[in-house]
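A.B. asks: Mind looking over this structure? Questions follow.
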Amino acid sequence: MPVIKASSLRDLKLRVNIHDVVARTVALKSAGGHRFKGLCPFHTEKTPSFHVSGDKGFFKCFGCGKAGDILNFVMETEGLQFTEAAEALAKRFGVNLEYEEGSGGPSREERSLRQELFDLHDAATDHYRQCFLAATPPGTWIRDYWVKNRRFTPELAEEFMIGFAPPEDQGLAAAVLRKKFSEDAIRQCGLFFLRDGLPLTPATMRLRFRGRLMIPIRDHQGRVVAFTARQLELTPDDDPAREAKYVNSPETPIFTKSNLLFNLDRARSQAGDGHPFVLVEGQLDALRCWSVGLRTAIAPQGTSITEGQLALLRRYHSQVECFFDSDSAGQKAALRFLPLALKAGLEARFLMLAGAEKLDPDLLFLERGLAAYEEVRKASLGAMEFAVHSLLPPDAASGTEQKVRTAQALYAIIGQAESDVARTGFIQDIARHLRMAPSALEHDFRSYLGRQSGSRFAPAPTAEAAPPTPRGDHTRGLEAHLLFLCLHYEPLLLALSHQMPHEWIDATTLAGRLLNRFLAEAQHALWPGRDQLDQLLESQEEKTLVATLLFDAPGDEDVAKMANEGVRAMQRRFLEPQLRQIELEIASKGAIGDPSLSSLLKQRTDLTRQLVNPPKLTLAS
Ligand code: ZN
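Numbered by this note's numbering, the letters in the sequence shown go through residues 375 to 995 in order.
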């Protein structure tokens, strides 16, 4: 195993600011001083409880309890092992790492499966790209198709690494084998059909994608994790998915389509006030938007939009414009999107193309460029206006019965919004668009909610999972209290190590085990210092606890006083049961002069004296 030098890790942590690491994944807002907060990447939430302390180098979520440093953050969000996370950060921020001698550098065997899959997708992207650029008849054909048929530029193909899977090709398999990916990675990457038991050779590795235009799918961090392959005239007849216009990579350890939005990695840095995300139906629509300068376009992966995708979106910006085809399939999809958007706390608007034009966004932008976007925006509909528009048949616009039925359908949609303020606003919008009295609708909606929850006036239940409660709260208890004080005031550690019997510590608790370990180090003058604690921490659980304790700064209280109270309580916890036991034994003895009795009496005096005079810590200042 390659072991990174402790000095290198220290250097890495000093030079890389946690804000810069986290900001790649979480949109952070200042919370005063060196503190920032944002929506937690580890659980679903709508109000930020994920905090980052820039000066201490820690993050902590007060919703789900996750906490840690830059390395933990990268390990968790990118699915990397410790060494891989350190290497990824070092590469990203240009820090050189040194390895312990004899431990060897990172080797291919030690890459995680996920890292291998990322690398394998990079290799495949390169391969498909080379085929797109090849000076061969199929290469010429695909470039022609891109420019003449799809009407995109070669530059756009370059920018998005658009590729081509030729109908016949042994090159991809050969390239993957040459790069010595593990069998596991090759079997799980989704680019090949493989039969169990057969050795991996270019002949046995049947290609999933043949004769198709290849669009690399990047996750929100910009890593290629999958491909969408578009059918072409060249798609061979024996392709099992011949008739499918688009074929996607299957789900793999690095690709979950319900959690991925095409182009989010680029769009997220462009979205902001006045620049909402624009949700379009397909990847090529998003590419078209990009090509005309509309850089906040994103597309779901596959047909349906999921809660996971919208939760991801919400982390970066809350405004989204839905711009789907004007055909009925597109409009139905937009209507399905609406309740999910409300549930995710997104502010949704709907861009509509005039029905007669029968245009899709792709064609619109192709013909009229970015100017068309501003026009369409001016005529965009708010969430409720769109819903009324979609649900109320135009020829029945004035029928009361129809309106009531439409309102009923809308209650289910606005019931998804969690904020009461938002719901009230929606009711008013609906009233306006249906030309009904808001008070009547409000009353009706309350009854609807009552029926939904089984009790009147109660808010509708939401399906959102509560954040996972950390298993056993390790931050409570005497040991955690002392550990907390020691971490914030290191001289206390030395004092405790010499002045408090270690047997008082309850080592069955996580905090107790850590406190024991730290005291032992301090006692032997081996305490590495708070900033180099990693070497003493053995598990993720321990790291989380330390990070959590480090995150909360003690107030202005007197540390010595708080520590003495803790020590006193620990002493009582340890000695009082012994004292009670001895008193029981004394009570059960009959005769005065029993030698065992005098020993018991002496022990009782001893214990009582100790309890009356608890140790008072002397802190070196
Ligand atoms: Zn959380």
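A virtual CB, placed ideally from N, CA and C, is assigned to each residue, including glycine.
Buried or exposed: GLN683, going by 16 or more other Cβ atoms within 10 Å of its Cβ?
C.D. replies: Walking along the sequence shown from the start, residue 683 turns up at place 309. Its Cβ being crowded by 16 or more others within 10 Å, GLN683 is buried.
A.B. asks: For VAL654, which residues from the same chain have a beta carbon less than 6 angstroms from its beta carbon, with the 5 sequence-adjacent residues on both sides left out?
C.D. replies: Counting from 1 along the sequence shown, the entry for residue 654 is found at position 280. Excluding positions up to five away in sequence, the list reads ALA660, ALA671, ALA673, PHE697 and PRO735.
A.B. asks: On a CA-only basis, which of PRO576, GLY442, GLN897 and MET535 is nearest GLU542? Give me that one, please.
C.D. replies: The residue given as residue 542 occupies position 168 in the sequence shown. For GLU542, the nearest C-alpha among the options comes from PRO576.
A.B. asks: With a 10 Å radius around its C-beta and 16 neighbouring C-beta atoms as the bar for buried, classify VAL986 as buried or exposed.
C.D. replies: In the sequence shown, counting from the first residue as 1, residue 986 sits at position 612. Under this definition VAL986 is an exposed residue.
A.B. asks: Quick check on DSSP: helix, strand or coil for SER678?
C.D. replies: For the purposes of this step, residue 678 is identified with residue 304 of the sequence shown, where counting begins at 1. DSSP places SER678 in coil when its eight states are reduced to three.
A.B. asks: Look up GLY719 in the DSSP assignment and say whether it is helix, strand or coil.
C.D. replies: Your numbering for residue 719 matches position 345 in the sequence shown. Coil, per DSSP.
A.B. asks: Around the C-beta of LYS554, are 16 or more other C-beta atoms found within 10 angstroms, so that it is buried, or is it exposed?
C.D. replies: The residue labelled residue 554 in the question sits at position 180 within the sequence shown. Label assigned to LYS554: exposed.
A.B. asks: Assign PHE968 to buried or exposed, taking buried as 16 or more other Cβ atoms, counted over all protein chains shown, within 10 Å of its Cβ.
C.D. replies: Residue 968 sits at position 594 when you count from the first residue of the sequence shown. The sequence shown places Asp at residue 968, rather than the Phe named in the question. Exposed, by the Cβ-count rule.
A.B. asks: Please list, in chain order, all residues of the same chain as LEU784 whose beta carbon is under 6 angstroms from its beta carbon, the five residues on each side excluded.
C.D. replies: Residue numbering aside, residue 784 sits at position 410 when the sequence shown is read from its first letter. Within the same chain, LEU784 has close Cβ partners ALA761 and ILE804.
A.B. asks: Determine whether the beta carbon atoms of ARG582 and GLY564 lie at a separation below 8 angstroms.
C.D. replies: Taking the sequence shown and counting its residues from 1, the one referred to as residue 582 is at position 208. Taking the sequence shown and counting its residues from 1, the one referred to as residue 564 is at position 190. The answer is yes: Cβ separation under 8 angstroms.
A.B. asks: Only counting runs of 4 or more residues, tell me where the alpha helix (DSSP H) segments fall wholly within the stretch 438-478, in order along the chain.
C.D. replies: The stretch 438-478 contains these whole alpha helix (DSSP H) runs: 444-452 and 456-467.
A.B. asks: Does the Cβ of PHE447 have 16 or more other Cβ atoms within 10 Å, making it buried, or fewer, making it exposed?
C.D. replies: Reading the sequence shown from its first residue, position 73 is the one you call residue 447. It is buried - the Cβ of PHE447 has at least 16 other Cβ atoms within 10 Å.
A.B. asks: Tell me TYR822's beta-bridge partners as DSSP assigns them.
C.D. replies: Within the sequence shown, the letter at position 448 stands for residue 822. In DSSP, TYR822 forms no bridge with anything.
A.B. asks: Can you tell me whether SER970 is buried or exposed, with buried defined as 16 or more other CB within 10 angstroms of its CB?
C.D. replies: As a position in the sequence shown, residue 970 is number 596, starting the count at 1. Flag for SER970 reads exposed.
A.B. asks: Does any heavy atom of ligand 1 sit closer than 7 angstroms to the C-beta of HIS432?
C.D. replies: If you number the sequence shown from 1, residue 432 lands on position 58. Note that residue 432 is Phe in the sequence shown here, rather than His. Not one heavy atom of ligand 1 lies closer than 7 angstroms to the C-beta of PHE432.
A.B. asks: What runs of the beta strand (DSSP E), each 3 residues or longer, lie entirely inside the stretch 660-712?
C.D. replies: 671-674 and 693-696
A.B. asks: Quick one: Cα of ALA837 to Cα of ASP558, how far?
C.D. replies: Taking the first residue of the sequence shown as 1, we reach residue 837 at position 463. Taking the first residue of the sequence shown as 1, we reach residue 558 at position 184. Its pLDDT being 34, under 50, ALA837 is placed unreliably in this model, and the value from its coordinates should be taken loosely. Distance between the alpha carbons of ALA837 and ASP558: 37 angstroms.
A.B. asks: Going by DSSP in three states, PRO590 sits in which element: helix, strand or coil?
C.D. replies: As a working mapping, residue 590 is identified with position 216 in the sequence shown. Looking at PRO590 - three-state DSSP - the assignment turns out to be strand.
A.B. asks: What does DSSP give as the partner residue(s) for ALA600 in the beta ladder?
C.D. replies: Mapped onto the sequence shown, residue 600 falls at position 226. Note: ALA600 sits in a beta bridge opposite ILE591.
A.B. asks: For a test of the three-state rule: what should DSSP assign to ASN637, helix, strand or coil?
C.D. replies: In the sequence shown, counting from the first residue as 1, residue 637 sits at position 263. In this structure, ASN637 counts as coil in the three-state DSSP scheme.
A.B. asks: Among residues of its own chain, excluding the 5 on either side of THR399, which ones have a beta-carbon nearer than 6 angstroms to its beta-carbon?
C.D. replies: The count along the sequence shown starts at 1 and reaches residue 399 at position 25. The beta carbon of THR399 sits closer than 6 angstroms to those of PRO415 and THR451, all from its chain and outside the five residues before and after it, given in chain order.
A.B. asks: Classify THR578 as helix, strand or coil using the three-state DSSP reduction.
C.D. replies: For the purposes of this step, residue 578 is taken as residue 204 along the sequence shown, with counting starting at 1. Note: THR578 maps to coil in three-state DSSP.
A.B. asks: Is it buried or exposed for LYS440, if we count other Cβ within 10 angstroms and need 16 for buried?
C.D. replies: Position 66 of the sequence shown, counted from the start, is the residue given in the question as residue 440. Counting the other Cβ atoms within 10 Å of the Cβ of LYS440 gives 16 or more, which makes it buried.
A.B. asks: Report yes or no: is there a C-beta of chain D within less than 8 angstroms of the C-beta of GLY940?
C.D. replies: Given the protein chain composition of this structure (a single chain), no chain D is represented.
A.B. asks: Taking the Cβ atom as the reference point for each residue, do ALA707 and ALA715 lie within a distance shorter than 8 angstroms?
C.D. replies: Residue mapping note: residue 707 aligns to position 333 of the sequence shown, counting from 1. Residue mapping note: residue 715 aligns to position 341 of the sequence shown, counting from 1. Taking 8 angstroms as the cut-off, the beta carbon of ALA707 is found no closer than this to the beta carbon of ALA715.
A.B. asks: According to the Cβ coordinates, are SER702 and MET726 closer than 8 angstroms?
C.D. replies: Locating residue 702 in the sequence shown gives position 328, where the first residue counts as 1. Locating residue 726 in the sequence shown gives position 352, where the first residue counts as 1. For SER702 and MET726, no; Cβs fall outside 8 angstroms.
A.B. asks: Looking at the structure shown, is CYS563 part of a helix, part of a strand, or coil, going by DSSP?
C.D. replies: On the sequence shown, residue 563 is found 189 positions in, with the first residue counted as 1. Residue state, collapsed to three classes: coil.
A.B. asks: Taking 7 angstroms as the line, does the beta carbon of HIS425 fall inside it for any heavy atom of ligand 1?
C.D. replies: Here the question's residue 425 lines up with position 51 in the sequence shown. For ligand 1, not one heavy atom lies less than 7 angstroms from the Cβ of HIS425.
A.B. asks: Check LYS990 in the structure and name its three-state DSSP category.
C.D. replies: Translated into positions along the sequence shown, residue 990 becomes position 616. Three-state result, LYS990: coil.
A.B. asks: Can you look up PHE831 in the DSSP assignment and give me helix, strand or coil?
C.D. replies: Start at 1 with the first residue of the sequence shown, and residue 831 comes out as number 457. Caution applies to PHE831, whose pLDDT of 36 falls short of 50 and renders its modelled position unreliable; the value that the coordinates give is listed next. Reduced to three states, the DSSP call for PHE831 is coil.
A.B. asks: Per the contact definition of three or more C-beta pairs closer than 8 angstroms, is the stretch 566-580 in contact with the stretch 516-536?
C.D. replies: no
A.B. asks: Can the beta-carbon of LEU870 be found less than 8 angstroms from the beta-carbon of CYS860?
C.D. replies: Residue numbering aside, residue 870 sits at position 496 when the sequence shown is read from its first letter. Residue numbering aside, residue 860 sits at position 486 when the sequence shown is read from its first letter. Yes, they are a contact pair.
A.B. asks: Rounding to the nearest angstrom, what Cα-Cα distance links ALA934 and LEU888 in this structure?
C.D. replies: In the sequence shown, residue 934 corresponds to position 560, counting from 1. In the sequence shown, residue 888 corresponds to position 514, counting from 1. When rounded, the distance between both Cα atoms is 20 angstroms.
A.B. asks: Which residues neighbour ligand 1 when neighbourhood means a C-beta less than 5 angstroms away from any of its non-hydrogen atoms? List them by chain order.
C.D. replies: CYS414, PHE416, HIS417, CYS435, GLY437 and CYS438
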